[in-house]
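Those sequence lines, one after another, are chains Z and R.
Counting along the first sequence from 1, when you hit position 166 you're at 166 in our numbering, and nothing is skipped either side.
Counting along the second sequence from 1, when you hit position 293 you're at 293 in our numbering, and nothing is skipped either side.
There are 2 protein chains.
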Amino acid sequence: MNERRPAGRQPGAGRGRIRMKHQAIGPLFTDLYELTMAAGYLRHHRTAEATFSLFVRDSPVRNYFLAGGLEETAAILSRLRFTSSDLDYLKKTGKFGEDFLDDLAGFRFTGRLRAVPEGTVFFPEEPFVEVTAPIIEAQIVETLLLNSFGFPTLIASKAARIVEAAEGRAVVDFSLRRTQGFDAGLKVARSTYMAGFSATSNVLAGKQYKIPISGTMAHSFVTAFDCESDAFSAYAEVFPDDSVFLIDTYDTVEGAKNAVRVAREMYTRGHRLRGVRLDSGDMADLSRRVRKLLVDAGLPDVQIIASSGFDEYKIADVLGRGAEIDAFGVGTNAGVSADAPALDIVYKLARFAGRNVRKLSPGKQTLAGEKQVFRRRDAAGKFAEDIIGTSSETIEGAEPLMETIMEDGRMLHRPPALEEIRRRVRSQTASLPDACRRIDKKWTYPVRISGRLQKIQEEVDKGRGKWSNS
Amino acid sequence: MNERRPAGRQPGAGRGRIRMKHQAIGPLFTDLYELTMAAGYLRHHRTAEATFSLFVRDSPVRNYFLAGGLEETAAILSRLRFTSSDLDYLKKTGKFGEDFLDDLAGFRFTGRLRAVPEGTVFFPEEPFVEVTAPIIEAQIVETLLLNSFGFPTLIASKAARIVEAAEGRAVVDFSLRRTQGFDAGLKVARSTYMAGFSATSNVLAGKQYKIPISGTMAHSFVTAFDCESDAFSAYAEVFPDDSVFLIDTYDTVEGAKNAVRVAREMYTRGHRLRGVRLDSGDMADLSRRVRKLLVDAGLPDVQIIASSGFDEYKIADVLGRGAEIDAFGVGTNAGVSADAPALDIVYKLARFAGRNVRKLSPGKQTLAGEKQVFRRRDAAGKFAEDIIGTSSETIEGAEPLMETIMEDGRMLHRPPALEEIRRRVRSQTASLPDACRRIDKKWTYPVRISGRLQKIQEEVDKGRGKWSNS
């Protein structure tokens, strides 16, 4: 660093600043154009109510999505205010007039938020959130909503595939060191747990969300002792009933033998080894050899946990090759949704000032009108078809998915517990057609548009000209 | 939501919780095993000093990296404490004994942090951060350090390629809506600016980091007025000297003509149109047609700004096909580093209790000892070669890159201003060999190991057996 001012005490630079930064998820978490457009709307008295639909355009690698982000988004919306420091900043940019800044001082979100409950399965093109509010409010929250619904949805949808591939085996989130920032680390733990992971290594997420936390040991621990057995014994002494030994530091099979020796000592003292972890090599082959050693030693209940670069594809591969693995630790590939690190999520105007509007650009058509998604099940209870309809219709034998979460800017109900969301995911994914759950093949679930919604589109198209939107 | 307890007032669920969550980047931001290993070390009195090296293993798609994350990481380390609520939580997990929890109550980071300054170019396998501290401290901060150095480095390194491809044209960060969480949105704005982007659309980042903010308008604004010209005029009335018109809502060429008409009216009132934005279609072709219209209309200074799916590859493509674009808005692909959404970043034990240690697994060898990276320049001042040496040696004619940032857990100097970091990036990338700056071809910069460091490795290997680590 060039600026060498010796500092007797801790330089203040970072302290308060970081704290503030993370607190400050307020209305400045937005793209500048949302504010300049708002200033334009205000000046020209275009302040009527608008409805925006949030949806994901098609995805080449996901057959379905799991809705995430609702609890946090609703909580943020309900307390969205410009602080005086926010307003000072905006004033100092020199971009905005006093009238607009005065207006922002009184800003709050007064609108309606409709959304599918967290953990609900949805498909491309289906609105899973709709916002109806004065256009200035609806516009200012666009960026926030895309981010706060999008990322948890991205991760939950990825995690559901990993849970699917694990075929009932436990999956633990190990991603914290490689997530895209701090907030992502927390959201990944919550979203993967919601999607069916059984625990996380993320201690803060454990505290924050009451998610079970799980951990083993690192190679550095093994090498800090004189030999592998010493390290295992030392660990077992501290965690006599909750030890998982990492056995690949030197040689996995030798490591398994050392684990067996220490486990037997533990058993003589009335304790049990919880598991061993493999972290390198051919997991299918090694896990079978380790299992045989454990079974031959009379330790059939010791779990075999595997980690290192797992995702749904690698899990399916090792299980397909006969791996004897009880649990997977999954890190980076889940934590950044590595094969598809962003959702093509958009927020599109559907209604403004009492008029339905849509965008007609080729390949980017949107659906005008306040909408609802209806789901029909077959005789066996499986999801058979979705119908995108209007928010005011009812469709015989089909369940409407979006509920009203906020009205007049206030939450109507307490959000469900995370465990409840997790149960919903389990029941929802169990109701999916088998082809939809496959991780190796793109399959398109049937989604159609109701007659009434179709008619609205035709009316809009007839009367339009200028009423497009993108 | 199933749990339908009507709530007279705002349900409290989200309020305090979210605020707390973002404040709480403390020592619980860690993997559980860091804490269980710490408990093991403490019980067995293995509390000696350790040195860990942070580095990136090879990357298939990056020729170099830009170091990020130092300012925030050092600030967090300097105030790292377990709160009483953290300790209560750990106690409630039932995993830890009183002795260990008492020890954590007094925990702080007392170590040394050595690092290359933010914005420094570095290469695979080179340690760009080293931590020396009692092993318990060094281990507990592992997860935090990997995350907080890793993500800004990932993004800055991606952004540098985009800046390179833009060949001097302005690049603006438009990613906020698609970043992986809130914290990522802020870090992307800072890291891309550091790497040479000229502005961000992210208003909060503008406030937080004093980054220039920039914005245009969305299609929804255009469609909220009776015709495109009305929307342009309305916007220009509010922002008479800072307007960029989005011209592709209906038809880009017609949109350009409308922009020209409104711009001429603006000029008669003494104002100037800043630019027009293209957001769809063939950008090479459309930008040339729009430029011709602007030049023919006597408006050669109106900027042409292009957005929609840009990254270094698409920028190089459109410029290669003769696009007349002055500035690029770059979103998702930069904001999640889409082609490589995670760094293969690791934190490896290099020295413990006075002994140098290394890991020898095939393909995953690490370098024992406290290290330094030395950089040699050629006669023209370009980077010619890096030498990884010991922290105590000096290498004639080569500049040592890592500086001591913290000693005894305290920052020694005020961190440099972001503008200074940005200047360092510019000077560093200008000093790279041309082949290294190419975005289309993998090229390996020469990095070798000093004789003294090599000797340490040989000594470790001779005396080892057990002293491996991974």
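The C-beta atom is built at its ideal place from N, Cα and C for all residues, glycine as well.
Quick caveat: nothing in here was measured; it's all calculated off a predicted structure.
Contact check, residue i vs residue j, beta carbons under 8 Å
i	j	result
V373(Z)	P117(Z)	no
F107(Z)	F82(Z)	yes
L367(R)	A50(R)	no
K187(Z)	I155(Z)	yes
L54(R)	F149(R)	yes
T223(R)	V336(R)	no
V56(Z)	P124(Z)	yes
G168(Z)	R426(Z)	no
T120(Z)	A67(Z)	yes
V260(R)	L286(R)	no
V302(Z)	V276(Z)	yes
S198(R)	I213(R)	no
G111(Z)	G409(Z)	yes
G215(Z)	D86(R)	no
L418(Z)	Y209(Z)	yes
I136(R)	L28(R)	no
S307(R)	G329(R)	yes
Residues bridged to residue i (per DSSP)
i	result
Y347(Z)	L54(Z)
F65(Z)	F122(Z)
V131(Z)	F52(Z), L113(Z)
T404(R)	R114(R)
M217(Z)	Paired residue(s): none; M217(Z) is not in a bridge.
R448(R)	I387(R)
Interface flag, residue i vs chain Z, CB-CB below 8 Å
i	result
L35(R)	yes
E407(R)	no
S214(R)	yes
E237(R)	yes
T429(R)	no
S220(R)	yes
M1(R)	With a pLDDT of only 36 at M1(R), under 50, the local geometry of the prediction cannot be trusted, and no value is derived from it.
A39(R)	yes
L176(R)	yes
N147(R)	yes
F310(R)	no
F65(R)	no
F82(R)	no
For residue i, the nearest candidate out of the options (CA to CA)
i	options	result
D248(R)	T200(R), T47(R), D279(R)	D279(R)
T404(R)	V129(R), T47(R), E125(R)	V129(R)
E458(R)	H413(R), E419(R), L360(R), I395(R)	L360(R)
T73(R)	D102(Z), I25(Z), G181(Z)	G181(Z)
G255(R)	P240(R), R291(R), F383(R)	R291(R)
A39(Z)	L401(R), S243(R), E399(R)	S243(R)
E324(R)	D339(R), I345(R), D282(R)	D282(R)
P446(Z)	F383(Z), A417(Z), D440(Z), A284(Z)	F383(Z)
R351(Z)	A205(Z), I395(Z), E385(Z), L453(Z)	L453(Z)
V481(Z)	A75(R), P60(R), Y33(R), R177(R)	Because chain Z in this structure spans residues 1 to 470, residue 481(Z) falls outside the shown range and cannot be described.
R375(Z)	E396(Z), A430(Z), R358(Z), R355(Z)	E396(Z)
Short CB-CB distance (under 8 Å) between residue i and chain R
i	result
Y313(Z)	no
R402(Z)	Rather than Arg, the amino acid found at residue 402(Z) in this sequence is Met. False, the Cβ-Cβ gap to chain R never drops below 8 Å.
K21(Z)	Low local confidence applies: a pLDDT of 34 at K21(Z) is under 50, so the model's placement there is unreliable, with the coordinate-based value given in what follows. By this cut-off, K21(Z) is an interface position.
T143(Z)	yes
K95(Z)	yes
A166(Z)	no
F151(Z)	yes
M266(Z)	no
M283(Z)	no
L349(Z)	yes
F109(Z)	no
Inset, instruction - Compile a chain-ordered list of the residues in the segment 178-189 of chain Z whose CB is closer than 9 Å to at least one CB of chain A. - result: This model lacks chain A altogether; the protein chains it does include are Z and R.
Inset, instruction - Please list the residues of the segment 125-140 of chain R that have a C-beta atom closer than 8 Å to any C-beta atom in chain Z, keeping them in chain order. - result: I135, Q139
Legend entry - chain R contacts made by the segment 329-345 of chain Z, where a contact means CB separation under 7 Å: T332, V336, A338, P341, A342
Legend entry - Chain-ordered residues of the segment 194-208 of chain Z with a beta carbon less than 8 Å from chain R: S201, N202, V203, L204, G206, K207, Q208
Legend entry - Members of the segment 242-259 of chain Z near chain R, C-beta cut-off 8 Å: Taken in chain order, the members of the segment 242-259 of chain Z whose beta-carbon sits within less than 8 Å of a beta-carbon on chain R are D242, T249, Y250.
Inset, instruction - With 8 Å as the limit, tell me which residues of the segment 370-387 of chain R have their beta carbon closer than that to any beta carbon of chain Z; keep them in chain order. - result: none
Legend entry - Within 7 Å of chain Z by C-beta, residues of the segment 43-63 of chain R in sequence order: Flagged, chain order: R43, H44, R46.
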